[in-house]
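Peer 1: Quick note: the sequence shown uses full-length UniProt numbering, first residue 1, plus one each step. Every residue gets a Cβ at the ideal spot worked out from N, C-alpha and C, and that includes glycine. Here the structure is a predicted model, which is why all the values come from computation and not from measurement. My questions all concern the structure below.
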Amino acid sequence: MFNNNTIQRFNNTETPFYYYDMDVLRNTLDACRDASSKYGFHVHYAMKANFNTKVVDAIQSYGFGADCVSGNEVRSAIEHGFDKGKVVFAGVGKSDKEINAALDADIFCFNVESIQELEIINELAAAKGKVAGIAIRINPNVDAHTHHFITTGLDENKFGINTWQLNDVAETLRKCASLKFLGIHFHVGSQITDMEVYRNLCNRINEMQDWFEDHGFTVKILNTGGGLGVDYYNPDTNGIADFESYFKVFSKFLNVKPGQEVHFELGRAMVAQSASLISRVLYVKNGQKKNFLILDAGMTELMRPMLYQAYHAIENLSQNSKFKIQKLEENQSEIVNPKSEIKYDVVGPICESTDCFRKDVDLPQSYRGDLIAIRTAGAYGEVMASNYNLRDAVQSVYSE
Ligand code: LLP
Numbered sequence: 001m002f003n004n005n006t007i008q009r010f011n012n013t014e015t016p017f018y019y020y021d022m023d024v025l026r027n028t029l030d031a032c033r034d035a036s037s038k039y040g041f042h043v044h045y046a047m048k049a050n051f052n053t054k055v056v057d058a059i060q061s062y063g064f065g066a067d068c069v070s071g072n073e074v075r076s077a078i079e080h081g082f083d084k085g086k087v088v089f090a091g092v093g094k095s096d097k098e099i100n101a102a103l104d105a106d107i108f109c110f111n112v113e114s115i116q117e118l119e120i121i122n123e124l125a126a127a128k129g130k131v132a133g134i135a136i137r138i139n140p141n142v143d144a145h146t147h148h149f150i151t152t153g154l155d156e157n158k159f160g161i162n163t164w165q166l167n168d169v170a171e172t173l174r175k176c177a178s179l180k181f182l183g184i185h186f187h188v189g190s191q192i193t194d195m196e197v198y199r200n201l202c203n204r205i206n207e208m209q210d211w212f213e214d215h216g217f218t219v220k221i222l223n224t225g226g227g228l229g230v231d232y233y234n235p236d237t238n239g240i241a242d243f244e245s246y247f248k249v250f251s252k253f254l255n256v257k258p259g260q261e262v263h264f265e266l267g268r269a270m271v272a273q274s275a276s277l278i279s280r281v282l283y284v285k286n287g288q289k290k291n292f293l294i295l296d297a298g299m300t301e302l303m304r305p306m307l308y309q310a311y312h313a314i315e316n317l318s319q320n321s322k323f324k325i326q327k328l329e330e331n332q333s334e335i336v337n338p339k340s341e342i343k344y345d346v347v348g349p350i351c352e353s354t355d356c357f358r359k360d361v362d363l364p365q366s367y368r369g370d371l372i373a374i375r376t377a378g379a380y381g382e383v384m385a386s387n388y389n390l391r392d393a394v395q396s397v398y399s400e
């Protein structure tokens with residue numbers, strides 16, 4: 001991701017910024033398209049993971065659909081050229097204004113999360129003389145074995161309709177003439193790398209589609225949600241998510257009937273490795289117990305470590321590149337990373353104790369002005385930035 005030219009360019013750029021490597025993004029999208037198209041699966045990109053214009057344009061150019069969770073995401077997806085027949089709208093709290101806008105845009109499907117929401121969409125669609133395509137989001141009570149803050153498919157979560165309510169759902173659907181039932185929707189959580197979780201999900205989807213068919217409904221769409229995780233520990237060696245294994249599980253265990261479509265809503269796996277947050281060391285504070293690297297980026301630019309104790313690899317680009325150049329000058333062909341000598345708590349400038357990217361990070365001796373890369377920041381990074389402390393908006397820089 002970083003060659004000496006790139007680092008030279010960073011040296012002349014104001015920090016902090018998100019650096020997008022468009023080759024990494026395209027390689028990831030190629031892998032996702034190739035692995036999914038083998039089985040005829042349909043992938044919708046979960047816009048919430050990153051709605052940076054250049055990133056979204058690249059994704060749209062592949063012909064993927066868009067999974068949106070707000071009226072603005074629906075509008076943005078359509079403005080970016082996503083086919084409205086491939087736009088879906090999810091979320092537990094869609095406002096009337098958002099539902100009306102999505103009805104006006106003639107999107108493909110609303111993923112509906114409660115019985116009351118079914119009634120409201122029906123009412124609003126009827127008022128416009130339209131019929132809304134809907135899928136029922138079912139809470140499958142499948143444990144994603146991921147961080148509890150990003151688990152969504154358990155009974156105790158607010159998402160989806162629980163299975164004990166399905167009789168009421170069926171009754172409501174029969175009454176609502178302005179709704180067209182398209183299928184069933186699931187999403188069990190995010191950053192899932194254990195394929196067993198998806199196997200369990202397939203079993204639940206199979207049971208649920210039988211239930212609907214037994215009750216007289218035709219299930220055209222099986223929407224399995226998203227959640228495929230990436231390797232935050234090895235962004236270079238293991239950069240591209242394991243799309244092959246992921247889609248293979250569904251092809252093997254999902255009971256797909258003739259005429260059915262299988263839909264996926266991937267966010268993180270499509271964009272996470274394509275960006276790093278680049279910042280500079282403002283100050284080095286050597287204490288008796290702790291050494292601190294104080295960066296010019298903090299929780300306002302990348303919130304994940306503070307919000308979910310999420311791990312992101314951290315590199316000192318200036319010291320690593322100096323070391324590489326020195327080795328090349330010494331004519332040593334083998335380039336290894338400099339010996340990690342010091343443990344630093346890598347922190348941001350925000351007036352909050354929680355503003356820490358990670359404690360005890362092994363890094364080469366670091367100095368004021370060194371460039372620091374926080375890796376795997378393409379998903380839920382820039383989009384979750386804020387201007388708390390009245391900070392400047394974070395900038396983006398692209399490889400091309
Ligand atoms: N579909 C639904 C209904 C979702 O709620 C989500 C994500 C996705 C698809 C896409 O999931 P993905 O493939 O990206 O895992 N901010 C957190 C992640 C929150 C995920 C929310 N839902 C983080 O930084 O880890």
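How would you write the range of the beta strand (DSSP E) that LYS359 sits in, first residue to last?
Peer 2: By one-based count along the sequence shown, residue 359 stands at place 359. Looking at the DSSP string, the run of the beta strand (DSSP E) that includes LYS359 is 356-363.
Peer 1: Tell me, to the nearest whole angstrom, how far the beta carbon of ILE78 is from that of ALA105; I am working on the premise that it is less than 8 angstroms.
Peer 2: By 1-based counting over the sequence shown, the position of residue 78 is 78. By 1-based counting over the sequence shown, the position of residue 105 is 105. Confirmed, Cβ separation roughly 6 angstroms.
Peer 1: Relative to the ligand LLP, is the shortest distance from any of its heavy atoms to the C-beta of TYR398 smaller than 7 angstroms?
Peer 2: Residue numbering aside, residue 398 sits at position 398 when the sequence shown is read from its first letter. Answer for TYR398: no, Cβ out of range of the ligand LLP.
Peer 1: Verify the contact flag: TYR45, CB atom, against every heavy atom of the ligand LLP, threshold strictly below 7 angstroms.
Peer 2: Numbered from 1 along the sequence shown, position 45 holds the residue referred to as residue 45. Outside the cutoff, so no.
Peer 1: Which partner residues does GLU261 have in the DSSP bridge list?
Peer 2: Here residue 261 is taken as the residue at index 261 of the sequence shown, counted from 1. Looking at the DSSP assignment, GLU261 forms a beta bridge with ILE221.
Peer 1: Please determine, among VAL383, SER399, VAL394, GLY40, the residue with the shortest C-alpha to C-alpha distance to PHE51.
Peer 2: Reading the sequence shown from its first residue, position 51 is the one you call residue 51. Per the Cα distances, VAL383.
Peer 1: At a cut-off of 7 angstroms, would you count TYR380 as near the ligand LLP, judging by its Cβ distance to the nearest heavy atom?
Peer 2: As a working mapping, residue 380 is identified with position 380 in the sequence shown. Yes; taking the cut-off as 7 angstroms, the Cβ of TYR380 has a heavy atom of the ligand LLP nearer than that.
Peer 1: Look up GLN395 in the DSSP assignment and give the residues it is bridged to.
Peer 2: As a position in the sequence shown, residue 395 is number 395, starting the count at 1. DSSP, once it has assigned bridges, lists PHE17 as partnering GLN395.
Peer 1: Would you say the stretch 229-247 touches the stretch 100-115, given that touching needs at least three Cβ pairs under 8 angstroms?
Peer 2: No contact exists between the stretch 229-247 and the stretch 100-115.
Peer 1: If distances are taken between C-alpha atoms only, which option among GLY287, ASN5, GLN273 comes closest to TYR344?
Peer 2: Here residue 344 corresponds to residue number 344 of the sequence shown, with the count starting at 1. The residue with the shortest Cα to Cα distance from TYR344 is GLY287.
Peer 1: Kindly list the residues whose CB is nearer than 7 angstroms to the CB of TRP211, restricted to its own chain and excluding five residues on each side of it in sequence; keep chain order.
Peer 2: Taking the first residue of the sequence shown as 1, we reach residue 211 at position 211. Taken in chain order, the residues that qualify are LEU166.
Peer 1: Please state whether the Cβ-Cβ distance between GLY348 and GLY298 is less than 8 angstroms.
Peer 2: Stepping through the sequence shown from its first residue, residue 348 is reached at position 348. Stepping through the sequence shown from its first residue, residue 298 is reached at position 298. Result yes, Cβ atoms of GLY348 and GLY298 sit closer than 8 angstroms.
Peer 1: What I want to know is whether the C-beta of GLU117 ends up closer than 7 angstroms to one or more non-hydrogen atoms of the ligand LLP.
Peer 2: In the sequence shown, counting from the first residue as 1, residue 117 sits at position 117. No; taking the cut-off as 7 angstroms, the Cβ of GLU117 has no heavy atom of the ligand LLP nearer than that.
Peer 1: Return yes when at least one heavy atom of the ligand LLP lies under 7 angstroms from the C-beta of ARG268, else no.
Peer 2: The residue you call residue 268 lines up with position 268 of the sequence shown. Correct: ARG268 has its Cβ closer than 7 angstroms to the ligand LLP.
Peer 1: Output the residue ranges of the alpha helix (DSSP H) runs that lie fully inside the stretch 56-89 and measure 4 residues or longer, sorted by chain position.
Peer 2: Here the runs fully enclosed are 71-79.
Peer 1: Leaving out the 5 sequence neighbours to the left and right, which residues in its chain are closer than 6 angstroms to GLY71 when beta-carbon positions are compared?
Peer 2: By one-based count along the sequence shown, residue 71 stands at place 71. GLU98, ALA101, listed in sequence order.
Peer 1: The ligand LLP and SER245: does any heavy atom of the ligand fall closer than 7 angstroms to the residue's C-beta?
Peer 2: One-based indexing of the sequence shown puts residue 245 at position 245. No, the ligand LLP has no heavy atom inside 7 angstroms of this Cβ.
Peer 1: Please classify THR376 as buried or exposed, where buried requires at least 16 other C-beta atoms within 10 Å of its C-beta.
Peer 2: Taking the first residue of the sequence shown as 1, we reach residue 376 at position 376. Buried, by the Cβ-count rule.
Peer 1: Using beta-carbon positions only, say whether LEU201 and VAL262 come within less than 8 angstroms of one another.
Peer 2: As a first step, residue 201 must be located in the sequence shown, where it is residue number 201. As a first step, residue 262 must be located in the sequence shown, where it is residue number 262. No, Cβ-Cβ distance for LEU201 and VAL262 is not below 8 angstroms.
Peer 1: Using a C-beta cutoff of 8 angstroms, does ASN5 count as contacting chain C?
Peer 2: Here there is only one protein chain, and chain C is not present.
Peer 1: I'd like the span of the beta strand (DSSP E) that includes PHE292, first residue to last.
Peer 2: In the sequence shown, counting from the first residue as 1, residue 292 sits at position 292. Residues 291-295.
Peer 1: State the DSSP-derived secondary structure class of VAL24, mapped to helix, strand or coil.
Peer 2: Taking the first residue of the sequence shown as position 1, residue 24 is located at position 24. In this structure, VAL24 counts as helix in the three-state DSSP scheme.
Peer 1: Mind checking whether the beta-carbon of SER276 lies closer than 7 angstroms to any heavy atom of the ligand LLP?
Peer 2: In the sequence shown, counting from the first residue as 1, residue 276 sits at position 276. Not so, every heavy atom of the ligand LLP lies at least 7 angstroms from the Cβ.
Peer 1: Counting only the same chain and skipping the five closest in sequence on each side, list residues whose C-beta sits under 7 angstroms from that of VAL74.
Peer 2: In the sequence shown, counting from the first residue as 1, residue 74 sits at position 74. So the list reads CYS68, VAL87, PHE89, ALA101, ALA102, ALA105, ILE107, once near-sequence residues are dropped.
Peer 1: Could you check how far apart the C-beta atoms of ARG304 and ILE372 are, in whole angstroms? I think they sit under 8 angstroms.
Peer 2: Counting from one through the sequence shown, the residue named residue 304 turns up at place 304. Counting from one through the sequence shown, the residue named residue 372 turns up at place 372. With a Cβ gap of about 16 angstroms, ARG304 and ILE372 do not count as contacting.
Peer 1: Do the stretch 9-25 and the stretch 384-395 make contact, defined as three or more Cβ pairs closer than 8 angstroms?
Peer 2: Contact between the stretch 9-25 and the stretch 384-395 is present, because at least three Cβ pairs lie under 8 angstroms.
Peer 1: What's the gap between the Cα of TYR308 and the Cα of THR354?
Peer 2: Taking the sequence shown and counting its residues from 1, one reaches residue 308 at position 308. Taking the sequence shown and counting its residues from 1, one reaches residue 354 at position 354. Rounded to the nearest angstrom, the two C-alpha atoms are 11 angstroms apart.
Peer 1: Smallest Cα separation from ASN223: which of THR28, GLY229, ILE138, LEU124?
Peer 2: As a first step, residue 223 is located in the sequence shown; it is residue number 223 there, counting from the start. For ASN223, the nearest C-alpha among the options comes from ILE138.
Peer 1: Looking at the secondary structure, which residues open and close the beta strand (DSSP E) in which VAL346 lies?
Peer 2: Here residue 346 corresponds to residue number 346 of the sequence shown, with the count starting at 1. 342-347 is the span of the beta strand (DSSP E), which, as asked, contains VAL346.
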